[in-house]
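To keep things clear, I will list the structure first and then write my remarks on it.
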Amino acid sequence: MNPFHHDPALRLPVPGLPADVRACSVESVWQALKIVDGATDLGMLTGPPSKRPPESERGPGYDYGATTFSYGGRPIGLVAARYLIYLPVYLYALEHVVPEEVTREIGDALSAGRDVVFYDWDSNLDIEDTRDSFSHSAVLAAWFGGRMENEFVARRARWLGADEAARAPLPLDRYHRFHQH
Numbered sequence: 004m005n006p007f008h009h010d011p012a013l014r015l016p017v018p019g020l021p022a023d024v025r026a027c028s029v030e031s032v033w034q035a036l037k038i039v040d041g042a043t044d045l046g047m048l049t050g051p052p053s054k055r056p057p058e059s060e061r062g063p064g065y066d067y068g069a070t071t072f073s074y075g076g077r078p079i080g081l082v083a084a085r086y087l088i089y090l091p092v093y094l095y096a097l098e099h100v101v102p103e104e105v106t107r108e109i110g111d112a113l114s115a116g117r118d119v120v121f122y123d124w125d126s127n128l129d130i131e132d133t134r135d136s137f138s139h140s141a142v143l144a145a146w147f148g149g150r151m152e153n154e155f156v157a158r159r160a161r162w163l164g165a166d167e168a169a170r171a172p173l174p175l176d177r178y179h180r181f182h183q184h
């Protein structure tokens, strides 16, 4: 469930690009579509993920919140990118890559009243907070906790507008099956 997990056999869709364009990690999608020095780097889609620009080039004056991305050939801001690029590809990985046995084991632990902790390097749990990198563990907590509708789906529709959100639906079939009672 780590967005940096890289597997050359993975075929993750790349939001905003043709269906035949695929990536080998969630983070590679995020970094490849980031506009740095006026350009994206689609070559990153199949290689191991790395930061753009690298941490060593992020000196004083670097404004993380001003980062832009390419979606469907148009530049978009950080929050829109989180909703249109990061969230869909991360949820796709949860839907199609994470083994069913893993989600079942976590669900069984939760049903038994056990605590489940998702670790992450980043601590920003608010997808709309642009001061810091967003924590994928917030998505996991909402997904397993049955809170995707309130914490992401409704907020996404408000931020993007209902029409744009509907044109780019989130992959939540496994989530809905997981939470059927």
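In the working numbering, the protein residues as written are 4 to 184.
We treat Cβ as the ideally placed atom computed from N, Cα and C, and that holds for glycine.
All figures in this text were calculated on a predicted structure; none of them were measured in a lab.
query	result
So what does residue 42 bridge to, in DSSP terms?	39
Starting from residue 72, trace the beta strand (DSSP E) both ways and give me its first and last residue.	71-74
When the distance is taken between beta carbons, is residue 88 closer than 8 Å to residue 33?	yes
Does DSSP put residue 157 in a helix, a strand or coil?	helix
Look at the Cβ atom of residue 74, then the Cβ atom of residue 18, and state whether they are nearer than 8 Å.	yes
Going by CA-CA distance only, name the one from 84, 119, 136 that's closest to residue 54.	136
Just how far apart, CA to CA, sit residue 59 and residue 52?	16 Å
For a test of the three-state rule: what should DSSP assign to residue 15, helix, strand or coil?	strand
Please classify residue 84 as buried or exposed, where buried requires at least 16 neighbouring CB atoms within 10 angstroms.	buried
State the start and end residues of the unbroken alpha helix (DSSP H) segment that holds residue 170.	165-170
Assuming residue 151 and residue 128 make a contact with CB atoms under 8 Å, what is their CB distance in whole Å?	No, residue 151 and residue 128 are not in contact; Cβ-Cβ is about 14 Å, not under 8 Å.
How would you write the range of the alpha helix (DSSP H) that residue 109 sits in, first residue to last?	103-114
Starting from residue 177, trace the alpha helix (DSSP H) in both directions and tell me its first and last residue.	176-181
Name the two residues that bound the continuous beta strand (DSSP E) containing residue 78.	77-79
Exposed or buried, residue 179, counting other C-beta atoms within 10 Å across all chains shown (16 or more means buried)?	exposed
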